[in-house]
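Heads up, the thing below is written out as structure tokens.
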Amino acid sequence: MRIVVLVSGTGSNLQAVIDAVAAGDLDVEIAAVGADRPGTYGVERSAAAGIPTFVVDFKEYANRSDWNTALTQAVAAYDPDVVVSSGFMRIVSAGFIDAFGGKYLNTHPALLPAFPGAHGVRDAMAYGVKVTGCTVHWADAGVDTGPIIAQEAVSIEDSDTEETLHERIKVVERRLLVSTLASLAAAS
Ligand code: GRF
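Numbering-wise, full-length UniProt numbering puts 116 at position 116 of the sequence shown, and it's gapless, one number per residue.
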């Protein structure tokens, strides 16, 4: 199973995938890693691991439609079976998802459909829930919507800050992403 992983930030979830592949625990080929802006640590660490990388810089396009077209072409060049949004902080078009047969996997640091959007951890804390978690799902063109594949709960402690809670969620999120990819690869 060939995957292309999209990142906007540090890519620690991506690193878990890279490590699992290197350890022989995950039978997927990371065909490429792409970002929506230059200078991400996610791209830097991929390049260091010898993985092809690309950037389709959102700011270089006149509008979202042009950027979506360019992103679709850049990803399609690697002919992936599955595209993974791993901390990719931009909504892609339905056309992008259709181009990859709907196989666009996303991870989110909350128990969807609760707390979608860019601040899932902060919003869960602000609401005052005592349990949140993470979700791996097939993404559609909405904001963190689409069929859920796997979820796991994480308790919120009184002493948590957004950072400490997010770090604990990400530990679980990395495991869930790797195990979901392993299941998809086994079924492919
Ligand atoms: C993850 O929690 C992801 O769900 C969210 O941003 C975080 C990305 O972390 N959208 P990293 O870049 O993989 O470290």
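Heads up, the beta-carbon is just placed ideally off N, CA and C, and yes, glycines get one too.
Ordered along the chain, residues surrounding ligand 1 are V7, G9, T10, G11, S12, N13, L14, G42, S86, G87, M89, T107, H108, P109, C134, H166, I169, K170 and E173 [Cβ under 7 Å from any heavy atom]. Closest in alpha carbon position to A186, among D81, G34, G39 and I156, is D81. When secondary structure is reduced to three states using DSSP, T164 falls in the helix class. Shown here, N63 sits in coil according to DSSP, grouped into three states, outside any helix or strand.
Under the three-pair Cβ rule at 8 Å, the segment 175–186 counts as touching the segment 141–154.
Taking C-beta atoms under 8 Å as the contact rule, V143 and G102 fail to qualify, at a distance of about 17 Å. One thing to note: M125 has its Cβ no nearer than 8 Å to the Cβ of D158. Check the Cα spacing between K170 and each of M1, Q15, V5 and T69: the tightest is with Q15. One alpha carbon belongs to A35, the other to K130, and they sit about 34 Å apart.
Excluding residues up to 5 positions away in sequence, G34, S85 and F88 lie with their Cβ nearer than 6 Å to the Cβ of L6 in the same chain.
In the three-state DSSP reduction, F58 falls in the helix class (H, G or I).
DSSP places G142 in the coil class of the three-state scheme, outside both helix and strand. Taking the Cβ atoms as the reference, L184 lies roughly 10 Å from L26, outside the contact range of under 8 Å.
Secondary structure of S12 (DSSP, three-state): helix. Residue pairing for V136: DSSP places it in a beta bridge opposite T107 and A150. With fewer than 16 other CB atoms across the displayed protein chains lying within 10 angstroms of its CB, P38 is exposed. Under DSSP, S85 forms a beta bridge with L6 and N106. Counting the other Cβ atoms within 10 Å of the Cβ of R64 gives fewer than 16, which makes it exposed.
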